[in-house]
DNA sequence: CTCCATGGGTATATCGTTTTACTCGGCGGC
DNA sequence: GCCGCCGAGTAAAACGATATACCCATGGAG
C-alpha cells in the first residue's frame, strides 16, 4: 500500500503539467492500475463503490486513455483510412469526394473514430505505397475505398496486407470485398433520365463521360445505350475524355459544332461536368433548356445553385458514406450485431429541375 | 548469440503471416534490436556493412516501424488534426474547406504525414471535446484551425492542452498563436473590387455576408465601408445572415424587391453565396451583369464553371493550406531550419471575369 | 473443521520501438 | 606497459495501457 504510493509516477515526473497516466488515476483512487483499466473498459470484478472512486479520480485528473498505448496493446486505432489517388487540386474541384467524406464522418464522429486522409498523387505506385504504409505502420483499423476500377488491384493488395476494407461502389468482377451501394436497381437513374428525355421528344441524345477505367463509367454508358436501344434510338454521340470541367467544355463545343449531327440533349457523367457543359453551351449561344437539355449525375449541392438548376441523377452520397462506415464497423467486430444494419441507401433516381425541357423543333 | 535465436519472436509467433517486428529484422540481420533502430533512424555507431545488412533484412521482410509503437515511445504521431465545428452537410456544400485541405495535404503527403479529420456537429461543447480528446489521447502532433472567431476560446484551450496549433487567418486580438495569412495588404481584394465597381459607374453597392462572429466577416465589412467612404459613397445595404446558399437567395430577393433602393452591384462574402445570389437574380428576371453586377470571395473552382463566370476576390486557399502545414512543421521541430520558409501566399486580389459590368443607366 | 468456490482485487508480462546506459576489443599516447 | 578513449554494438528500461495469472479473505457445504 505504502509501496504503491512511493513508486507512483507522480514522484518521478518532473513537471506537474504532464498529462496524467492511468497510474496517476490509480494512485488517486487508491487502487491498482489494473483495477482502473477494468473500470474504464467495463469489465467485471470491481465493486460499484470502487468503480465510482475510479471514475471520480479519472474525472478529476481529466484523464482518458492514450490512444497510442491502447493501439499498441493490440486493440483498436479508432481511425479509418482513406487514400485518394488523385492530385490535390483535382480533388478540390470535385466535391463528390467531400460529400462522401461528410457521410462517413457522420457515422464516425459519434463513436469517436477519426478519418485519416492521405492524398497521394496520381503517380503509378503512390497509392499502393500509401496502403502499405497504413497497414505496416498499423495506423488505421481499416480503409474505405472509392472509385472502383476495372482490373482493380487494390482489393488483392489489402487482403494480402490483412487490412479490412470496404468499397463504395460495385467491385470489378464480383470480388469478395465488402462493398456498399444503393439499394434497388443500379440502372434506375439513367433509365429514368432517358425516359424523361424521350417523353420530352428528344431523339438526339449524347453522352459525355470520363475514362472507362472505372467500373461505373462503363456500366453507365452501357445502360445509357441499352435504354436508348429499347426505344429504337442510338446515341447521337458518346464522348469519352476526362472527368474535368475543361473536358466537358471541349466536349460540348464539339457536340454543338456540326449543325447536322447536333444533339438536343446531353447526359454528363457528373454534375461538375454538367454545370461546366451547360455554361459552355450558353456561351456558344444555345439556351438551356430551350436549345439543349442537360442532365448531370450525383446531385451535388452545386446543381441547385446554378441557373437554370440542374436536372440530375441523384445518388445519395451522404448515405452511401454512412453505409460504408457502418459496414466497416461490422467488419471490425462482427459480434456487435450491427445495430442499425446498413442504413438504407435509395437507388439513384432522376431529379427533374430546370435544365431539361422539350426538344427543339428544328433538330 | 544462440540465445538470440531461441528467443526470437518468430518462435513464439503462431502464424507466419503476422506482421514482422523490429526483432525479426534484427534476428535476420544477426544484430541486436537496438542496432536496427539506430540504422533506420540514421543514428551513428553502426558500421556501413552492418547498416547494409540491416537494410537488406528490413527490405526482405517488408518491415517498417509500427506507427503506434513509435508514437507511444514519445516520438511523433505523424498526423495532424483538424476539427470542423460544422455539421457534415454544411461542410459538403461549401468547398472552401476542401480546397484548404487539399493545400494542407499537398505538404503533408510528401513527408508521409496524415490528416486526421474530425467533423463534429455545431452543438456547443462538441468542438472543445474533440480537441481535448485529440490531445489527451495523443493522436496527433498538432492541429490546424480555421475560421478565426471573435472571442475565440480555442487558442487558450489548446495552449492549456499543450497541443501545437496553427491558425489559418487572423487571430482575434493579436493572440500569440502561430497563424498564416496572405502576404501584403489584407484589404487589397475588397478595395480593388470596390474600385472596379466604381470605375464601372456603380454608385449603389450592397454587401451580403454571414454572421459577424468571425474575425474576417467584420474585417471585410469594415473594409468595404471604408473603401466606399473614400469615394464619398455609402453602402446601399448590408445584409448579415448566414453563409449559405439559401441565405444568399433570400438576401437577393430583398435587395431587388424595392425599385427605389435597388443596388446595381452586390458583393458576397463567398463564392457559394455569390453563385446562388446570381442565379436568384436571374430567376427574378435580372440579367447579370447587365442589371446587376456580382462579386464573390475565395475563387473556388465553381466560379469558373458557371455562366456568366464569376468575378471574385481570389485568395490562394491552396497556398494558405500549404503554408499552414509548413508552419506546423516549423512548430514541431524548430531546429530543422524550415527549408522553404513558408511558401509565399499572394494577397487577396480581384479576378475580373464575367459577372461584373457597367452600371445600368436607370438605377 | 476442512474444502472449495467466489468476489474483489493486485502483480506482471506484453505490445514494438527508442534511448540510455553499459560492454568490449583495439589503438594511440605517454 | 598502462591508461584512456573510441568505435561498434548490446542489454535493458522506458512509453501507457490491457490481459492473464494469481492472491487472499469470506462464506457456505459437507
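Residue numbers (the working numbering), protein chains in the order written: chain H, 3 to 365; chain F, 3 to 365. We treat Cβ as the ideally placed atom computed from N, Cα and C, and that holds for glycine.
The beta-carbon separation of residue 180/H and residue 312/H, rounded to 33 Å, does not stay under the 8 Å limit for a contact. The secondary-structure analysis by DSSP pairs residue 216/H across a beta bridge with 151/H. As computed with DSSP, residue 299/F is found in a beta bridge with 315/F. With contacts defined as CB atoms closer than 9 Å, residue 165/F and residue 144/F qualify as a contacting pair. At a cut-off of 9 Å between beta-carbon atoms, residue 133/H makes no contact with chain F. A direct Cα-to-Cα measurement between residue 256/F and residue 273/F gives close to 19 Å. In this structure residue 277/F touches residue 308/F by the C-beta definition: roughly 6 Å separates them, less than 8 Å. In the DSSP assignment, residue 119/F falls outside any alpha helix (DSSP H) and lies within the beta strand (DSSP E) extending over 116-122.
Around residue 305/F, no beta-carbon contact reaches into chain H at under 8 Å, the shortest distance being about 11 Å. Residue environment analysis places residue 301/H among the buried positions, since at least 16 neighbouring C-beta atoms fall within 10 angstroms of its C-beta.
Taking CB atoms only, residue 280/F has a neighbour in chain H less than 9 Å away. Between the alpha carbons of residue 267/H and residue 281/F lies a gap of roughly 22 Å.
Comparing alpha carbon positions, the residue from 233/F, 105/F, 221/F closest to residue 206/F is 233/F. Here residue 270/F carries a strand assignment [DSSP, helix/strand/coil].
Going by C-alpha positions, residue 183/F is about 23 Å away from residue 121/H.
For the options 356/H, 249/H, 349/H, the alpha carbon positioned closest to that of residue 294/H is the one of 356/H. In the DSSP assignment, residue 346/H falls outside any beta strand (DSSP E), carrying neither H nor E. A distance below 9 Å separates the beta carbons of residue 124/H and residue 87/H.
In the structure shown, residue 362/F adopts coil according to DSSP, grouped into three states. For residue 208/F, the secondary structure class from DSSP, reduced to helix, strand or coil, is strand. Residue 330/H has no beta-bridge partner at all, per DSSP.
Spatial neighbours of residue 129/H in its own chain (CB-CB distance under 8 Å, excluding positions within 5 residues in sequence) are listed in chain order as 85, 87, 122, 156. Under the 9 Å criterion on CB atoms, residue 97/H is classed as interfacial with respect to chain F. Residue 69/H sits close to residue 141/F, with the two beta carbons spaced by under 9 Å.
Restricting attention to 335/F, 223/F, 224/F, 306/F, the CA atom closest to the CA of residue 77/F is found in 335/F. DSSP places residue 105/H in the helix class (H, G or I) of the three-state scheme. Closest in alpha carbon position to residue 227/H, among 284/H, 241/H, 172/H, is 241/H. In this chain, residue 203/H is not harboured by any beta strand (DSSP E), its DSSP state being neither H nor E. Annotation for residue 24/H: the continuous alpha helix (DSSP H) segment containing it runs 24-31. Assignment of residue 82/F by DSSP, reduced to helix, strand and coil, places it in the strand class. Put simply, the backbone Cα of residue 64/H is about 9 Å away from that of residue 134/F. For residue 168/H, the enclosing beta strand (DSSP E) has its first and last residue at 167-170.
Flagged as an interface residue toward chain F: residue 21/H, by a C-beta distance shorter than 9 Å. Of 220/H, 52/H, 93/H, 29/H, the smallest CA-CA separation from residue 320/F is found for 93/H.
Where residue 38/H is concerned, the enclosing alpha helix (DSSP H) starts and stops at 35-42.
By the neighbour-count criterion, in which a residue is buried when 16 or more other Cβ atoms sit within 10 angstroms of its Cβ, residue 127/F is exposed.
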